[in-house]
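Q:
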Amino acid sequence: MPDYSAYAPGKVILFGEHAVVYGQPALAVPVQQVRARAQVSAGLGLPSGMVRIDAPALNLSTPLADLPADQPLAAATRLTIDRLGVLHPPACTIRITSTIPLAAGLGSGAAVSVALIRALSAFLGHPLDNQAVNDLAFEVERLHHGTPSGIDNTVITYAKPVYFEKGIPGDAAAGGQPARLETLHVAAPFTLVIADTGISSPTAAAVGAVRTAWQADREHYDGLFSQIGETVQSARMVIERGTPDGLGPLMNTNHALLQQIAVSCPELDALVDAALAAGALGAKLSGGGRGGNMIALVPSASEQTGAQNPAAGRIAAALQAAGAVNTLVTTVTS
Ligand code: PMV
């Protein structure tokens with residue numbers, strides 16, 4: 088049996104994190120500079136039927152049968168095997184590697200799930216299509232944090248800029264509805280600097296804290312979420328119109344709203360300030376917050392794209408001087 092490998096990119100949320108959990112729209116884009124890889128190979132020398140999972144970064148090298156049901160790699164593996172109706176999978180080793188920083192808002196968990204589901208389903212002879220991969224990756228996300236919107240697995244599975252609204256579970260008669268997913272047309276490319284505070288911040292904890300605060304004062308939080316939703320709609324128009332510099336003020340507005348829902352932190356705020364002082368047109372935290380990453384918008388007048396862009400280099404240097412442990416420059420295109 089040949090080896091099968093699959094990759095999945097990282098992602099950043101441009102606008103709408105947290106509010107998306109409460110039904111507001113959000114925009115997210117893949118980040119191709121970092122990625123997760125899953126490789127499935129026939130388990131030569133393994134006992135018959137043994138599925139082994141190796142993830143060196145997690146210090147994991149364990150038979151599937153010894154992993155708990157809520158371990159995300161085990162869950163992705165079991166869900167894939169069940170979905171394909173394979174009763175006796177052949178002995179194999181699933182090896183996971185990733186250059187996506189963990190717990191930093193870059194979608195490492197979802198990317199690992201997507202890569203694993205793709206590689207394993209191909210190895211088992213039935214490569215799943217994007218929709219099926221996305222559905223299974225969403226199931227795994229639910230184990231990570233109880234109420235995910237599904238935006239991470241979706242943008243990573245389709246590897247395209249997306250406009251996303253979460254679905255409501257249940258059938259239509261009971262008020263359920265599927266997630267709304269639209270490909271975002273990026274009429275003019277724009278460049279972002281992504282900077283990592285180095286503070287590990289699991290999404291589940293941030294989402295849980297927001298839920299507790301929302302339960303205590305629904306009216307106030309619903310108001311903030313709908314203001315975030317309006318920012319998202321404006322940002323979508325700006326991106327589709329091809330005037331990306333207009334995203335700057337909207338990023339600043341979205342960051343201020345995220346501060347009000349208490350998911351920023353002094354380190355993120357310091358990076359946002361440093362980026363603006365270095366010429367970024369706007370900046371905000373990205374993802375779960377309370378650590379992890381922020382994004383800064385590079386003026387589009389700077390002619391080159393990507394890492395060669397001198398304005399991006401200046402902003403990245405300023406972010407490092409302000410304490411970022413890692414920076415990444417990415418150009419968003421359709
Ligand atoms: O995985 P992160 O840290 O980028 O956060 C996901 C975005 C949230 O809106 C905070 C949660 C969700 O499920 O949408």
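Its first residue numbered 88, the sequence shown is counted upward by one per residue in the numbering used here. A virtual CB, placed ideally from N, CA and C, is assigned to each residue, including glycine. None of these values were measured; they are calculated from a predicted model.
Within a Cβ cutoff of 7 angstroms, which residues of the same chain sit near Met137, ignoring the five residues on either side of it in sequence?
A: Cβ neighbours of Met137 beyond the five flanking positions: Gly130, Pro150, Ala178.
Q: Checking the sheet assignment: what are the DSSP bridge partners for Phe277?
A: According to DSSP, which records beta bridges pairwise, Phe277 is partnered with Val419.
Q: Less than 6 angstroms between C-beta atoms, sequence neighbours within five positions excluded: which residues of the same chain meet that for Gly192?
A: Within the same chain, Gly192 has close Cβ partners Ser373, Gly374, Gly375, Gly379, Asn380.
Q: Please confirm whether Ala95 and Ala202 have their CB atoms less than 9 angstroms apart.
A: Yes, these two residues count as a Cβ contact at 9 angstroms.
Q: Any heavy atom of the ligand PMV closer than 8 angstroms to the CB of Gly194?
A: Indeed, a heavy atom of the ligand PMV lies less than 8 angstroms from the Cβ.
Q: CA-CA distance, Ala383 and Thr164?
A: Cα to Cα, Ala383 sits roughly 36 angstroms from Thr164.
Q: Would the beta-carbon of Ser313 be found less than 8 angstroms away from any heavy atom of the ligand PMV?
A: No, the Cβ of Ser313 stays beyond 8 angstroms of every heavy atom of the ligand PMV.
Q: Secondary structure at Ile95, three-state DSSP: helix, strand or coil?
A: For the sequence presented, residue 95 should be read as Ala rather than Ile. Residue state, collapsed to three classes: strand.
Q: For Gln318 and Glu327, what's the separation of their Cα atoms in angstroms?
A: The amino acid occupying residue 318 in the given sequence is Thr; Gln does not appear at that position. Each residue's Cα considered, the two are about 14 angstroms apart.
Q: What are the boundary residues of the beta strand (DSSP E) that includes Leu268?
A: 267-270 is the extent of the beta strand (DSSP E) around Leu268.
Q: Is Ala349 closer than 9 angstroms to Val359 when the C-beta atoms are compared?
A: Not closer than 9 angstroms, so no.
Q: So within the segment 325-400, which uninterrupted beta strand (DSSP E) runs reach at least 3 residues, ignoring any that extend past its ends?
A: Whole beta strand (DSSP E) segments, 3+ residues: 369-373, 380-385.
Q: Assuming Ser159 and Leu230 are in contact, meaning their beta carbons sit under 8 angstroms apart, how far apart are those beta carbons, in whole angstroms?
A: The displayed chain sequence assigns Pro, not Ser, to residue 159. About 6 angstroms; that satisfies the 8 angstroms criterion.
Q: Taking a contact to mean a Cβ-Cβ separation below 9 angstroms, would you say Ala365 touches Ala404 in this structure?
A: Taking 9 angstroms as the Cβ cut-off, Ala365 and Ala404 qualify as a contacting pair.
Q: Which partner residues of Phe251 appear in the DSSP bridge assignment?
A: DSSP, once it has assigned bridges, lists Ala113, Leu268 as partnering Phe251.
Q: According to DSSP, is Ala142 helix, strand or coil?
A: Ala142 falls in the strand class under three-state DSSP.
Q: Select from Leu268, Gly254, Glu269 the residue whose C-alpha is nearest the C-alpha of Gly262.
A: Ranking the options by Cα distance to Gly262, first place goes to Gly254.
Q: Applying the criterion that 16 or more other CB atoms from any shown protein chain within 10 Å of the CB defines a buried residue, is Glu306 buried or exposed?
A: Looking at its Cβ environment, which holds fewer than 16 other Cβ atoms inside 10 Å, Glu306 is exposed.
Q: Would Phe251 and Pro112 qualify as a contact pair, given that the criterion is a beta-carbon distance under 9 angstroms?
A: The answer is yes: Cβ separation under 9 angstroms.
Q: Looking at the ligand PMV, does it come within less than 8 angstroms of Ala113, judged from the CB to the closest heavy atom?
A: At least one heavy atom of the ligand PMV is nearer than 8 angstroms to the Cβ of Ala113, so yes.
Q: Counting along the chain, where does the alpha helix (DSSP H) carrying Pro159 start and finish?
A: Start and end: 159-170.
Q: Leu271: which of Gly257, Gln264, Lys247 sits nearest, CA to CA?
A: Closest by alpha carbon: Lys247.
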